[in-house]
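First up is the structure itself, then whatever we jot down about it.
Number of protein chains: 2
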Amino acid sequence: MKTVCIAGVGLIGGSFALALRKAGFAGRIVGVSSPETARAALACGAIDEALPLPQAAASSDLIYLAQPIGRILQTIRVLDAYLAPGALITDAGSTKFAISEAAARHIRRGRFVGGHPMAGKESRGVEHAEAALFRGRPYVLTGRDAQLESWIERIGARLVFMDAAEHDRLIARTSHLPQLISTALASLLVDEDKAARVAGPAAIELTRLALSPYEIWRDIFSTNSTRIDDALTAFIGKLEQLRSNLCDPSMQAHFEKAAAVARELRR
Amino acid sequence: MKTVCIAGVGLIGGSFALALRKAGFAGRIVGVSSPETARAALACGAIDEALPLPQAAASSDLIYLAQPIGRILQTIRVLDAYLAPGALITDAGSTKFAISEAAARHIRRGRFVGGHPMAGKESRGVEHAEAALFRGRPYVLTGRDAQLESWIERIGARLVFMDAAEHDRLIARTSHLPQLISTALASLLVDEDKAARVAGPAAIELTRLALSPYEIWRDIFSTNSTRIDDALTAFIGKLEQLRSNLCDPSMQAHFEKAAAVARELRR
Chain A
17 MKTVCIAGVG
27 LIGGSFALAL
37 RKAGFAGRIV
47 GVSSPETARA
57 ALACGAIDEA
67 LPLPQAAASS
77 DLIYLAQPIG
87 RILQTIRVLD
97 AYLAPGALIT
107 DAGSTKFAIS
117 EAAARHIRRG
127 RFVGGHPMAG
137 KESRGVEHAE
147 AALFRGRPYV
157 LTGRDAQLES
167 WIERIGARLV
177 FMDAAEHDRL
187 IARTSHLPQL
197 ISTALASLLV
207 DEDKAARVAG
217 PAAIELTRLA
227 LSPYEIWRDI
237 FSTNSTRIDD
247 ALTAFIGKLE
257 QLRSNLCDPS
267 MQAHFEKAAA
277 VARELRR
Chain B
17 MKTVCIAGVG
27 LIGGSFALAL
37 RKAGFAGRIV
47 GVSSPETARA
57 ALACGAIDEA
67 LPLPQAAASS
77 DLIYLAQPIG
87 RILQTIRVLD
97 AYLAPGALIT
107 DAGSTKFAIS
117 EAAARHIRRG
127 RFVGGHPMAG
137 KESRGVEHAE
147 AALFRGRPYV
157 LTGRDAQLES
167 WIERIGARLV
177 FMDAAEHDRL
187 IARTSHLPQL
197 ISTALASLLV
207 DEDKAARVAG
217 PAAIELTRLA
227 LSPYEIWRDI
237 FSTNSTRIDD
247 ALTAFIGKLE
257 QLRSNLCDPS
267 MQAHFEKAAA
277 VARELRR
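Here the protein sequences line up with chains A and B, keeping their order. Per our numbering, the very first residue in the first sequence carries number 17; after that it's consecutive. Per our numbering, the very first residue in the second sequence carries number 17; after that it's consecutive.
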């Protein structure tokens, strides 16, 4: 692997670039971004050079798509024409099914392996990029590639393999549903003037995700709506079950099962 | 105020005793608890003496009920016979309507003002009690009493006044609903073997409350079931609204409104 192209040098793309360097990657890193972002990425040493996609893709062994999901889909639709034969394409989009489908349809000369690094920060942008962002965090791949896997391990992430559909189903439950729950809970308190005066840690904690900007969720919702719908149905079913057992001794068993899962998530 | 009786010298009762001392209370603090808890409370200096309820109540100007809700209800049913005339009774139960009703029915010789300090810790028991537990935290009172208000301010809490029904309606939304949400979300992941491998901060954060032991919730559910039911209905309504607008531009407005509330809660 001599040249890596990072399309979308924001927090994730920039951190991947810095992490590669720190892990010993000695080749060239080319960024594809807006002029402003490219300047910032050059300034903080995340990339060696900024180029338009056609030139950047043509000279790269690995093309890392770290744009918003909608832009990743657009890039995949035009990318094949620019690829060096045999190039590896991966992405960091937080839904995988729509992207994998697009890649299967449009990428012929290269090979696509979907990815989802489970890492992030409140602050976005390459200025906040850091080499340690992926350290200890899960990194989902929807396929195998020895060289890519080796670099992901070298940047300190924990490899997890699952297919795109399974990823999207699971992430709908562990990430997209929590976002909607938090937004719904905060919405419920809109007209409660005194809520802020009595809100304890529970309300604070469960409404934190509601602070997320919609712009990062638009594409997630549009590319995973069926599975999010399923997750909502299942979750509302659980709430109804708790509601109908609210004053019943069986609630103890519900609590114990749920606590066991919560502990397991913390292992 | 010369003598204070703390019934139930656990985390809250013990912390209230320590906080009173630290705020300059120079009178006697008598504890009513099991022999084991009483020993621990004496050992850490939270109380000066342990007595059975009849003797403790008879000599006290303020009786502070810091037991579980079910025990508070039991105590209120028998307390009147022991009271010195004019004694003030308050409590720290996390629902207020059932307790206020019981007090209105059973307390004749003393005066009852319901309370709910919005403070706590993961660890329970008087060993974890601390004088600073209430500092900066809301402390709801369902009535007025100049002396009680003055001590609550001196221990550093922020006084909030609301009647018992309003308290229970609001707390159903800011505390009881979040607990059920967390338990329901964790339950949803029971059979998801791979969930723990991809769970990010969102899933971790939203399942923390699911670790709460059922024993502290049993009495809350049984004394606030109607309002919890209302809160669940309203919350499920919000989820359904988000679901039906999932890929609609109107989601942006939902997100913005919810984010404004979440920011307000953090003020």
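The beta carbon of each residue, even a glycine, is placed where N, CA and C say it ideally should be. Please read these numbers as outputs of a predicted model, since none were measured by experiment.
Item: With a threshold of 9 Å between beta-carbons, can residue 233 of chain B be considered close to chain A, or not?; Value: yes
Item: Would you say residue 144 of chain B reaches chain A, if we count a Cβ-Cβ gap shorter than 9 Å as a contact?; Value: no
Item: Please name the residues in the stretch 185 to 211 of chain A whose beta-carbon is closer than 8 Å to at least one beta-carbon of chain B, in chain order.; Value: 186, 187, 189, 190, 191, 193, 194, 195, 196, 197, 198, 199, 200, 201, 202, 203, 204, 205, 206, 208, 210 and 211
Item: Could you check where the alpha helix (DSSP H) with residue 214 of chain A kicks off and where it finishes?; Value: 211 to 214
Item: Roughly how many angstroms lie between the CA atoms of residue 87 of chain B and residue 253 of chain B, to the nearest whole one?; Value: 35 Å
Item: Going along chain B, which residues have a C-beta under 7 Å from residue 70 of chain A?; Value: Result: empty, since nearest Cβ-Cβ is about 32 Å, beyond 7 Å.
Item: So does residue 82 of chain A have its beta carbon nearer than 8 Å to some heavy atom of the ligand GDP?; Value: As presented, the structure is devoid of all ligands, the ligand GDP included, so that no description of it is given.
Item: Starting from the beta carbon of residue 221 of chain A, find every residue of chain B whose beta carbon is closer than 7 Å, and list them in chain order.; Value: 221 and 224
Item: Which residues share a DSSP beta bridge with residue 46 of chain A?; Value: A:21 and A:65
Item: Would you report the Cα separation of residue 96 of chain A and residue 77 of chain A, rounded to the nearest angstrom?; Value: 13 Å
Item: Buried or exposed, going by whether 16 or more other CB atoms sit within 10 Å of the CB of residue 166 of chain B?; Value: exposed
Item: Using only the alpha-carbon positions, how far apart do residue 210 of chain B and residue 186 of chain A sit?; Value: 8 Å
Item: Can you find a CB in chain A that lies within less than 9 Å of the CB of residue 25 of chain B?; Value: no
Item: Can you confirm whether the stretch 119 to 135 of chain B touches the stretch 157 to 164 of chain B when touching is taken to mean that 3 or more C-beta pairs between the two stretches lie within less than 8 Å?; Value: yes
Item: Just checking: is the beta-carbon of residue 32 of chain A within a distance shorter than 9 Å of some beta-carbon in chain B?; Value: no
Item: Indicate whether at least one CB of chain C lies closer than 9 Å to the CB of residue 262 of chain A.; Value: Absent here is chain C; the protein component of the structure consists of chains A and B.
Item: Could you check whether the Cβ of residue 259 of chain A sits closer than 9 Å to any Cβ belonging to chain B?; Value: yes
Item: Is it right to say residue 269 of chain B is buried, meaning 16 or more other beta carbons lie within 10 angstroms of its own, or is it exposed?; Value: exposed
Item: Out of B:38, B:20 and B:27, point me to the one whose CA is closest to residue 171 of chain B's CA.; Value: B:38
Item: Just reading off the alpha helix (DSSP H) that residue 170 of chain A is part of, what are its end residues?; Value: 162 to 170
Item: Ends of the beta strand (DSSP E) at residue 156 of chain A?; Value: 154 to 157
Item: State the start and end residues of the unbroken beta strand (DSSP E) segment that holds residue 176 of chain B.; Value: 174 to 177
Item: Under 9 Å, Cβ to Cβ, is there at least one residue of chain A near residue 163 of chain B?; Value: no
Item: So is residue 113 of chain A in contact with chain B if we call contact Cβ pairs under 9 Å?; Value: no
Item: Leaving out five residues on either side along the sequence, give the residues of the same chain with a beta carbon under 6 Å from the beta carbon of residue 47 of chain B.; Value: 22, 25, 54, 57, 63 and 66
Item: Would you mind giving the Cβ-Cβ distance between residue 338 of chain B and residue 239 of chain B, rounded to the nearest angstrom? I have them listed as a contact below 8 Å.; Value: Since the first residue shown for chain B is 17 and the last is 283, residue 338 of chain B is missing from the structure and cannot be characterised.
Item: Enumerated in chain order, which unbroken segments of the alpha helix (DSSP H) with a length of 4 residues or greater are wholly contained in the stretch 215 to 241 of chain B?; Value: 217 to 222 and 231 to 239
Item: So does the stretch 254 to 268 of chain B actually touch the stretch 105 to 114 of chain B, counting three or more Cβ pairs closer than 8 Å?; Value: no
Item: Determine whether the Cβ of residue 272 of chain B lies closer than 9 Å to any Cβ atom of chain A.; Value: yes
Item: What distance in whole Å lies between the Cβ atoms of residue 241 of chain A and residue 263 of chain B, which are believed to be in contact at a cut-off of 8 Å?; Value: 6 Å
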